[in-house]
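K.L.:
Take a look at this one; I'll ask things after.
In full-length UniProt numbering, the protein residues as written are 1 to 180.
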């Protein structure tokens with residue numbers, strides 16, 4: 001394996017104390033590799049922590065749908081780290097192992113019929129379109145708007161956009177899965 005271009009900050013990093021403490025509290029005491037990379041820039045890490053905290057914890061969009069979109073983005077962008085972190089949350093939110101296994105080939109083949117609800121399939125189609133071609137089919141957006149309403153549609157689009165940012169950060173800086 002080649003040497004890391006940008007090394008992780010140490011696991012026992014203490015400064016900036018308020019930010020490191022806030023991240024540790026949100027993570028249950030540990031800094032994960034993503035945090036250790038972000039902490040190279042205090043302003044970036046502070047903004048990321050606040051923004052992603054809101055996206056992860058304060059949206060009205062159903063948790064299962066959020067995590068489905070996050071997992072879809074991770075697969076499409078080959079961000080294994082992201083998929084490893086979010087697929088267990090997807091399962092806890094009501095997803096199944098069969099759905100997780102199907103997600104591993106998202107964008108490469110059609111999803112098995114009946115495995116996802118119509119809303120979930122539309123959310124996956126939106127994830128693919130936003131991630132791969134940027135532009136989104138208006139009829140798909142209309143269907144989603146009818147099912148979700150304006151607020152939750154904006155949140156779904158925002159989750160997909162946000163996790164595209166996350167995956168691009170992870171892949172570019174070669175953030176690897178945490179070793180426990």
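Glycine residues also receive a C-beta, built at the ideal position from the N, C-alpha and C atoms.
Mapping the DSSP letters down to three states, classify residue 113 as helix, strand or coil.
P.N.:
Coil at residue 113, not helix or strand.
K.L.:
Is it buried or exposed, residue 110, if we count other Cβ atoms within 10 angstroms and call 16 or more buried?
P.N.:
By the neighbour-count rule (16 or more Cβ atoms within 10 Å), residue 110 is not buried but exposed.
K.L.:
Rounded C-beta distance between residue 137 and residue 147? I'm assuming under 8 Å.
P.N.:
With 8 Å as the limit, residue 137 and residue 147 do not qualify as a contact, their Cβ atoms being about 15 Å apart.
K.L.:
For residue 49 and residue 105, I'd like the C-alpha separation in whole angstroms.
P.N.:
Roughly 30 Å between the two C-alpha positions.
K.L.:
Of all the options 156, 169, 170 and 172, which has the alpha carbon lying nearest to the alpha carbon of residue 58?
P.N.:
The shortest C-alpha separation from residue 58 is found at 156.
K.L.:
For the structure I just gave you, are there three or more beta carbon pairs, one from the segment 64-83 and one from the segment 158-175, closer than 8 Å?
P.N.:
In short, these stretches touch, since the Cβ pair count reaches three.
K.L.:
Hey, would you say residue 122 sits closer than 7 Å to residue 143, going by beta carbons?
P.N.:
Yes, they are a contact pair.
K.L.:
May I ask you to report which of helix, strand or coil DSSP gives residue 39?
P.N.:
It is coil, neither helix nor strand.
K.L.:
With distance defined between alpha-carbon atoms, name the residue in 82, 17, 44 and 13 nearest to residue 31.
P.N.:
Nearest C-alpha to residue 31: 13.
K.L.:
Could you name the residues of the same chain whose beta carbon sits closer than 6 Å to that of residue 103, not counting the 5 residues immediately before and after it, in chain order?
P.N.:
So the qualifying residues of the chain are 71 and 75.
K.L.:
Please identify the residue among 6, 82 and 61 whose C-alpha is closest to the C-alpha of residue 38.
P.N.:
Here the closest residue by C-alpha is 6.
K.L.:
Going by Cα to Cα distance, which pick from 108, 158, 83 and 107 is closest to residue 100?
P.N.:
Closest by alpha carbon: 83.
K.L.:
With DSSP as the reference, please indicate the residues paired to residue 126 in a beta bridge.
P.N.:
DSSP lists no partner for residue 126.
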